[in-house]
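Engineer:
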Amino acid sequence: MRQPLFKLKRLLQWYRRHRRDLPWRRTRDPYRIWVSEVMLQQTQAATVIPYYHRFLKCFPAVHALSRARPDRLMKLWEGLGYYARARNLHAAAKQIMTLHGGRIPRRPEVFSTLPGAGPYTTAAVLSIAFGAPMAAVDGNVKRVVARLYDIGRPILPNDKEITGIAQAVLEDGTDRQVTNAGDFNQAMMELGARICTPRRPACPRCPLRSDCRAFRAGTVLERPVSTPRAARPHLRVVAGVVKKNGRVLIGRRPDRGLLGGLWEFPGGKIEAGETPQQALRRELREELCVDTRVSPMAAAVRHAYTHFSVTLSGHLCIIRRGRLHPTVHSRLRWVKPAKLDSVAMPEANRKLLRELRLRNLI
DNA sequence: TAGCCGTGGGG
DNA sequence: TCCCCAAGGCT
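Sequential numbering from 306 applies to the first sequence in my numbering.
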C-alpha cells in the first residue's frame, strides 16, 4: 500500500444512506445476483432493470435456465447487446446442473471456470452472495482508486496496483468489522456511478474528498489517464427483404461472432465500385445461392457499433431462380411480417424494420 | 495481448 | 453530430 487507507467508515456510511434501491439488492439468491452481474457487464444499471425482471420471470432458477431454448433466451436478451453473455450464461447453467448438482459454486477457483465468469464477475458474485473477501474491480473502482491515489499512468485491463489497493482496503475493513466484502464492493462501485463520475464528478458531495489526492492536486478530470482510441471506420451495408407468398425471409447468424444467434435480413457489405443493388444481388447469390431481382432503396438507417458504424439500406427482393441454400446462416425461415417481432434481431435490423413499416412496405 | 464484442445515454 | 463511457470476458 503506497498510502494510508482512506476513511472506510465514511464510504460505508455514505453507501448505507444513498444506495439506490436496485432489484438485485433485494435478494440474497446467488443465482439472481449472478444474472444481475452478467447483465451489468459494460451496461448501466437503469438499462438492466427491465431485462432483469423479464429474464427472471422466465428463468427463475438455474435449472430453468439450463433447459432454456436458445431462441427464447436470445429474444429476452435482444437489445441488451454483447450477446455472448447470454450464450455463456446458458452454457454455465448447464455446467452447474451437470457438474455442481445445480448449486452455484462458492469457491472462486470453481466459479471462475464457468463461461463468462472473469475476475470481476467472480469477485462480485461471491462477495455479494457469500461474503467472500474478494475485491471486485470494475471501471468504477479503477476510476475511484486512480483519483484517490492520483495515479498518473494509464490503468491496465488487469491492473495489479488497483486490485492490490482495493483488496488491501477490503481486508482492512473486514478485519476491523467495519464492513463486509459485498457492501464494500458495492459501495466503491456506487460511489463511482453516482459521485466519482467520469465527466462531471460531484466532489463537493464526496465522502472521501479529504483523502483524495487528485482532488487536492486539481487533477480529478485527468484521472484516470486515458489512452487514445482507434477511429471507427464507416461501412455501407445492404439488407434484402425477400418476399414470397406474403412472408419474408430471415436467417439466423452463426452462434460465434458478431450478433451471434440473432435473426436478420440477409445482406452484407457494399464493395468498392458496387451500387447497393449490385452488392445485394451478389450477397444473396453468395449467402443463399439464389438469383434475385432487387428494388431501389426502400429505406435506410444509421447505426453505431463498438468498432465501426454502418449505414444500412434496405431493398425489397424477389427470387428469380434457384433453390435456397444458406452458406453463412445456420438456419433460414420464412415468416409473416407480424412474426418478426417474436424473433431476436439486431437493433440495426429493428430500425430498418420500423422504417419499412412506416412506409407500409412490409 | 490487443482486438473483438452492442447498445443507450450524456456532454 | 460525434465521442466517450458503461457493475468485462474471450481468444
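We put the beta carbon where it would ideally sit given N, CA and C, even for glycine.
DSSP three-state label for glutamine 308, please.
Structural biologist: For glutamine 308, the pLDDT reaches just 48, beneath the cut-off of 50, and the residue's location in the model is therefore unreliable, although a value from the coordinates is still provided. Residue state, collapsed to three classes: coil.
Engineer: How close, in whole Å, do the beta carbons of proline 328 and tyrosine 357 come, if the pair is a contact with beta carbons under 8 Å?
Structural biologist: About 6 Å separates the two Cβ atoms, so the contact holds.
Engineer: Cα-Cα, which of Leu621, Glu660 and Val446 is closest to arginine 499?
Structural biologist: That would be Val446, whose Cα lies nearest to the Cα of arginine 499.
Engineer: Nearest by alpha-carbon distance to aspartate 477: which of Leu637, Leu345, Phe311 and Val615 is it?
Structural biologist: If we check each option's Cα against that of aspartate 477, Phe311 comes out closest.
Engineer: Ordered along the chain, which non-local residues of its own chain (more than five positions away) have a Cβ less than 7 Å from that of alanine 391?
Structural biologist: Taken in chain order, the residues that qualify are Leu378, Met379 and Trp382.
Engineer: Whose CA, out of Ala428, Leu564 and Tyr388, lies closest to the CA of isoleucine 338?
Structural biologist: Ranking the options by Cα distance to isoleucine 338, first place goes to Ala428.
Engineer: Where does the unbroken alpha helix (DSSP H) through tryptophan 382 begin, and where does it stop?
Structural biologist: Unbroken alpha helix (DSSP H) run through tryptophan 382: 375 to 382.
Engineer: Should arginine 448 and proline 529 be called a contact, given that it needs their Cβ atoms to be closer than 7 Å?
Structural biologist: Result yes, Cβ atoms of arginine 448 and proline 529 sit closer than 7 Å.
Engineer: Given 8 Å as the limit, is there contact between the region 386 to 405 and the region 419 to 433, that is, 3 or more CB pairs closer than that?
Structural biologist: Touching, yes, given that three or more Cβ pairs across the two stretches are closer than 8 Å.
Engineer: Across the region 630 to 649 and the region 549 to 563, are there enough close Cβ pairs to call them in contact, namely three or more that are closer than 8 Å?
Structural biologist: Contact between the region 630 to 649 and the region 549 to 563 is present, because at least three Cβ pairs lie under 8 Å.
Engineer: Compare the beta carbon distance of histidine 608 and valine 599 with 7 Å and say whether it is the shorter of the two.
Structural biologist: For histidine 608 and valine 599, no; Cβs fall outside 7 Å.
Engineer: List the DSSP bridge partners of leucine 540.
Structural biologist: DSSP lists Val615 as partners of leucine 540.
Engineer: Just how far apart, CA to CA, sit glutamine 308 and valine 353?
Structural biologist: Only weak support exists for where glutamine 308 lies, its pLDDT of 48 falling under 50; the coordinates are left without a value.
Engineer: How many Å lie between leucine 617 and glycine 562 at the Cα?
Structural biologist: Rounded to whole angstroms, leucine 617 to glycine 562 spans 19 Å at the Cα level.
Engineer: If I follow the unbroken alpha helix (DSSP H) through lysine 362, where does it start and stop?
Structural biologist: That run of the alpha helix (DSSP H) goes 350 to 363.
Engineer: Once the 5 residues before and after aspartate 464 are set aside, which same chain residues still bring their CB inside 7 Å of it?
Structural biologist: If we look at aspartate 464 and ignore the five residues flanking it on each side, its Cβ neighbours are Lys447.
Engineer: Under a Cβ-count criterion, where at least 16 other Cβ atoms within 10 Å of its own Cβ denotes burial, should leucine 488 be classed as buried or exposed?
Structural biologist: Strictly speaking, residue 488 in this sequence is aspartate, with leucine absent from that position. It is buried - the Cβ of aspartate 488 has at least 16 other Cβ atoms within 10 Å.
Engineer: Taking Cβ positions, are alanine 440 and leucine 475 nearer each other than 7 Å?
Structural biologist: Their beta carbons are under 7 Å apart, which means alanine 440 touches leucine 475 by this criterion.
Engineer: Pull up the distance between the alpha-carbon of phenylalanine 435 and that of arginine 324, whole angstroms please.
Structural biologist: Going from the Cα of phenylalanine 435 to the Cα of arginine 324 covers about 20 Å.
Engineer: Which stretch, first to last residue, makes up the beta strand (DSSP E) that contains threonine 597?
Structural biologist: Counting along the chain, the beta strand (DSSP E) containing threonine 597 begins and ends at 596 to 609.
Engineer: Short of 8 Å in beta carbon distance, which residues of its chain neighbour alanine 350, apart from the five on each side in sequence? Order them along the chain.
Structural biologist: Excluding positions up to five away in sequence, the list reads Arg325, Leu327 and Ala498.
Engineer: Would you report the Cα separation of glycine 573 and leucine 663, rounded to the nearest angstrom?
Structural biologist: The alpha-carbon atoms of glycine 573 and leucine 663 are separated by roughly 23 Å.
Engineer: May I have a chain-ordered list of the alpha helix (DSSP H) segments no shorter than 4 residues that lie completely inside the region 478 to 505?
Structural biologist: Entirely contained in the region 478 to 505, the alpha helix (DSSP H) runs reaching 4 residues are, in chain order, 486 to 499.
Engineer: Quick one: grab the DSSP three-state call for lysine 641.
Structural biologist: Three-state result, lysine 641: coil.
Engineer: By a C-beta neighbour count over all protein chains shown, 10 Å radius and 16 as the cutoff for buried, is proline 533 buried or exposed?
Structural biologist: So proline 533 counts as exposed.
Engineer: According to DSSP, is proline 424 helix, strand or coil?
Structural biologist: Here proline 424 sits in helix by DSSP.
Engineer: Taking only three categories from DSSP, how would you classify glycine 545?
Structural biologist: Here glycine 545 sits in strand by DSSP.
Engineer: To which residues of the same chain is threonine 524 closer than 7 Å at the C-beta, ignoring the five residues directly before and after it?
Structural biologist: Cβ within range, chain order: Asp455.
Engineer: With DSSP run on the structure shown, which of helix, strand or coil describes proline 410?
Structural biologist: Coil.
Engineer: With distance defined between alpha-carbon atoms, name the residue in Pro413, Thr403, Val547 and Arg452 nearest to leucine 513.
Structural biologist: The residue with the shortest Cα to Cα distance from leucine 513 is Arg452.
Engineer: Should glutamine 482 be labelled buried (16 or more other beta-carbon atoms within 10 Å of its own) or exposed?
Structural biologist: Classification for glutamine 482: exposed.
Engineer: What does valine 450 pair with, by DSSP beta-bridge criteria?
Structural biologist: According to DSSP, which records beta bridges pairwise, valine 450 is partnered with nothing at all.
Engineer: Assign isoleucine 433 to one of two classes, buried (16 or more other C-beta atoms within 10 Å of its C-beta) or exposed (fewer than that).
Structural biologist: Classification of isoleucine 433: buried, given that the 10 Å Cβ count is 16 or more.
Engineer: Am I right that aspartate 596 and arginine 628 are in contact with their C-beta atoms under 8 Å? What's the rounded C-beta distance?
Structural biologist: Not quite, the Cβ-Cβ distance comes to about 11 Å (not below 8 Å), so this is no contact.
Engineer: From the DSSP output, in three-state form, read off proline 512 for me.
Structural biologist: In this structure, proline 512 counts as coil in the three-state DSSP scheme.
Engineer: With three or more C-beta pairs closer than 8 Å as the rule, is the region 536 to 553 touching the region 358 to 371?
Structural biologist: Touching, no.
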